[in-house]
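With mature numbering (1 follows the signal peptide of the UniProt record, and there is no 0) applied, the sequence shown corresponds to residues -20 to -1, 1 to 229, in that order.
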Amino acid sequence: MNKHILAAAAAVAMPGAASAAESVAPDYMQRAAPALARYTDNVLFGDVWKREELSPRDRSVVTLSVLVSTGKSAQIRPHLERALDNGVTPAEIGGLITQLAFYSGWPNAVSAVQIADEVFQERGIEASAIQPATTPLNDKPANDGQRENAVNNGVGQIAPTLGEMTNEVLFDELWLRQDLAPRDRSLVTIVALTASGDADQLGFHLQRGIENGLTKAELGAAMGHLAFYAGWPKAFSGATALGKLGNGN
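This is the structure:
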């Protein structure tokens, strides 16, 4: 029998044990969609969030990236609070939202940053804990010239402003900021592209993620996690793109 069904049966058979474990599913979910509540408690938070292929911190980064990039503002606050508890810093949260402004649009980012500001104020997080608007930049990757030339000779010929902003703002500044480690910046971007169904751009960013320190095992775990937040079809598309990378890592 499936282990998740067994877990649910055990909770019914041993009500004392069930009550000892705090339910993540809210009361309204337990009343209106008890099966969803069971999956929430036993599968999503009782199993997936506890798997060790990704740290709790990384799972929070994945979850926030999905919610922000897909405009799920109603769910951002509890997961933003959970992210802080899991070790994501205020500066990293600001960096995550800023990165996603470029990859999922300003409206989604602005909606998220309003919630972040409220949570930071409630927790007494000072502005000094947030990365300033301008910071020293990391060095560009040694192989970035190839990407830059491809933009100039491709999109840059069709949409000059887009080509200019891609090279001068996106990759010569945003990607080099120090409010997110390159590994985390890649993770945020890969998750956002997957959650938004932008599979055309995944191959490049998956390879860049590997170069920035992500492993294929971590990326596979990220696809498994985001399936619950972005849906199975999006996760399958992301996993398929991941499978097309070369062996190793």
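The C-beta atom is built at its ideal place from N, Cα and C for all residues, glycine as well.
No experiment lies behind these values; they were computed from the predicted model shown.
To the nearest angstrom, how far is the alpha carbon of P213 from that of E191?
By one-based count along the sequence shown, residue 213 stands at place 233. By one-based count along the sequence shown, residue 191 stands at place 211. Annotation: P213 to E191 spans about 26 Å, alpha carbon to alpha carbon.
8 Å Cβ shell around L142 - same chain, five flanking residues per side excluded:
The sequence position of residue 142 within the sequence shown is 162, counting from 1. Apart from sequence neighbours up to five positions away, the residues of its chain that approach L142 with a beta-carbon distance below 8 Å are V135, G136, ordered along the chain.
Take A109 as the anchor and find which of P116, G75, L117, A139 has the nearest alpha-carbon.
Along the sequence shown, one-based indexing puts residue 109 at 129. Among P116, G75, L117, A139, the Cα nearest to that of A109 belongs to G75.
CB of G189 within 8 Å of CB of K224, strictly:
The residue given as residue 189 occupies position 209 in the sequence shown. The residue given as residue 224 occupies position 244 in the sequence shown. Taking 8 Å as the Cβ cut-off, G189 and K224 do not qualify as a contacting pair.
Where G226 falls, given that 16 or more other Cβ within 10 Å makes a residue buried:
Locating residue 226 in the sequence shown gives position 246, counting from the first residue. Under this definition G226 is an exposed residue.
State the Cα-Cα distance for the pair L34 and V42, rounded to the nearest angstrom.
By one-based count along the sequence shown, residue 34 stands at place 54. By one-based count along the sequence shown, residue 42 stands at place 62. In a straight line, the C-alpha of L34 is about 10 Å away from that of V42.
Give the secondary structure of L(-15) by DSSP, where H, G and I count as helix, E and B as strand, and everything else as coil.
Position 6 of the sequence shown, counted from the start, is the residue given in the question as residue -15. Residue confidence for L(-15) is low, a pLDDT of 45 falling below 50, so the modelled location carries little weight and cannot support an answer.
Can you tell me where the alpha helix (DSSP H) holding E191 begins and where it ends?
Taking the sequence shown and counting its residues from 1, one reaches residue 191 at position 211. Element bounds for E191: 182 to 191.
Could you give the C-beta distance for L194 and L222, rounded to a whole number, given that I count them as a contact under 8 Å?
Numbered from 1 along the sequence shown, position 214 holds the residue referred to as residue 194. Numbered from 1 along the sequence shown, position 242 holds the residue referred to as residue 222. Not quite, the Cβ-Cβ distance comes to about 10 Å (not below 8 Å), so this is no contact.
If V28 and F151 are in contact, beta carbons under 8 Å, what's the gap, nearest whole angstrom?
Counting from 1 along the sequence shown, the entry for residue 28 is found at position 48. Counting from 1 along the sequence shown, the entry for residue 151 is found at position 171. Rounded, the Cβ-Cβ distance is 33 Å, inconsistent with contact.
By alpha-carbon positions, which one of P14, S84, T146, Q111 ends up nearest to R132?
Here residue 132 corresponds to residue number 152 of the sequence shown, with the count starting at 1. It is Asn, not Arg, that sits at residue 132 in the sequence shown. The candidate whose alpha carbon is nearest that of N132 is T146.
In the DSSP assignment, find the alpha helix (DSSP H) that holds E61 and state where it starts and stops.
Residue 61 sits at position 81 when you count from the first residue of the sequence shown. Counting along the chain, the alpha helix (DSSP H) containing E61 begins and ends at 56 to 65.
Is the beta carbon of A175 less than 8 Å from the beta carbon of S49?
Position 195 of the sequence shown holds residue 175. Position 69 of the sequence shown holds residue 49. Closer than 8 Å, so yes.
Using the Cα positions of P36 and I138, report the straight-line distance between them to the nearest angstrom.
Here residue 36 refers to the residue found at position 56 of the sequence shown. Here residue 138 refers to the residue found at position 158 of the sequence shown. Taking the straight line joining both Cα atoms gives about 43 Å.
Flag this pair as yes or no: are the beta carbons of I105 and S53 separated by less than 8 Å?
Here residue 105 refers to the residue found at position 125 of the sequence shown. Here residue 53 refers to the residue found at position 73 of the sequence shown. Between I105 and S53, the gap from beta carbon to beta carbon reaches 8 Å or more.
Classify T114: buried if its beta carbon has 16 or more other beta carbons within 10 angstroms, exposed otherwise.
The count along the sequence shown starts at 1 and reaches residue 114 at position 134. Burial call: exposed.
On the three-state DSSP scale, how would you describe A161?
As a position in the sequence shown, residue 161 is number 181, starting the count at 1. The three-state secondary structure of A161, taken from DSSP, is coil.
Counted within 10 angstroms of its Cβ, other Cβ atoms place D119 as buried (16 or more) or exposed
For this step, residue 119 is matched to residue 139 along the sequence shown. Flag for D119 reads exposed.
When you compare the CB positions of D159 and A71, do they come within less than 8 Å of one another, or not?
Looking up residue 159 in the sequence shown gives position 179. Looking up residue 71 in the sequence shown gives position 91. When the beta-carbon positions are compared, D159 and A71 come within less than 8 Å of each other.
Can you give the beta carbon distance from R62 to A201, rounded, assuming they're within the 8 Å contact cut?
Translated into positions along the sequence shown, residue 62 becomes position 82. Translated into positions along the sequence shown, residue 201 becomes position 221. Contact between R62 and A201 is absent: CB atoms are separated by about 18 Å, not below the 8 Å threshold.
Please state the DSSP three-state secondary structure of F25.
Taking the sequence shown and counting its residues from 1, the one referred to as residue 25 is at position 45. DSSP, read as helix, strand or coil, puts F25 in coil.
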